[in-house]
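Right, one structure below, let's go through it.
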Amino acid sequence: MDQSFHVRSISLPLRTRPILVEVEEALQRTSHLVLQASSTTLDGFRLGHLHDCVEELLRLPSLRQALLRPDQNKWLEEELEVSIVLLDLCGAVKDALVSTKERVQDLQSALRRRGDRTSNVSYVLALAREEKRR
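Sequential numbering from 178 applies to the sequence shown in the numbering used here.
Set out below in structure tokens:
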């Protein structure tokens, strides 16, 4: 008697799926923030939420085991290097934006002042020269 058995399997969602979806959504919201280049308290909360999601994702035992495999070391080191470069770049962009914002405020203040117009023009030219040197 030839008995063949047919085994059925059920595809169940992974336990980690909700956190992956949450991280993906937080990344998308963060990318919109970068494109808008605004800095408000709400944006800080969104970045904090992204950080919390990634931290929770990294706590998953299955992900830790996968990342700690010897064949993943090189990939992980490369990704960390890229992350460091991106953080440095973000810091430089933030510094440039803060500097630009300060210069714009200085220019607006100089233009609002009632007084010697030649000193205002000299001030604006000095700011422009300083920005060119950067």
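Yeah, the Cβ is synthetic: ideal placement off N, Cα and C, and Gly gets one too.
For Leu235, three-class secondary structure by DSSP:
Secondary structure at Leu235: helix, using DSSP grouped into helix, strand and coil.
Leu304 and Arg289 closer than 8 Å at C-beta:
Result no, Cβ atoms of Leu304 and Arg289 do not sit closer than 8 Å.
Buried or exposed, going by whether 16 or more other CB atoms sit within 10 Å of the CB of Cys230?
Burial call: buried.
Residue span of the alpha helix (DSSP H) that contains Arg289, given as start and end
Its alpha helix (DSSP H) spans residues 250–289.
Apply the 10 Å Cβ neighbour rule to Ala269 and answer buried if 16 or more other Cβ atoms are within range, or exposed otherwise.
Exposed, by the Cβ-count rule.
Pull up the distance between the alpha-carbon of Leu244 and that of Ser276, whole angstroms please.
Distance between the alpha carbons of Leu244 and Ser276 is about 40 Å.
Inter-residue spacing [alpha-carbon to alpha-carbon] between Gly225 and Ala273
Going by C-alpha positions, Gly225 is about 23 Å away from Ala273.
Environment of Leu302 [buried if 16+ CB atoms lie within 10 Å]
Exposed.
So what's Leu304 in DSSP terms, helix, strand or just coil?
Three-state DSSP puts Leu304 in a helix.
Would you decide whether Leu264 is buried or exposed? Buried here means 16 or more other CB atoms lie within 10 Å of its CB.
Classified as exposed, Leu264 has fewer than 16 neighbouring CB atoms from the shown chains inside 10 Å of its CB.
Using the beta-carbon count (16 or more within 10 Å), is Leu266 buried or exposed?
By the beta-carbon neighbour count (other beta carbons within 10 angstroms, threshold 16), Leu266 is exposed.
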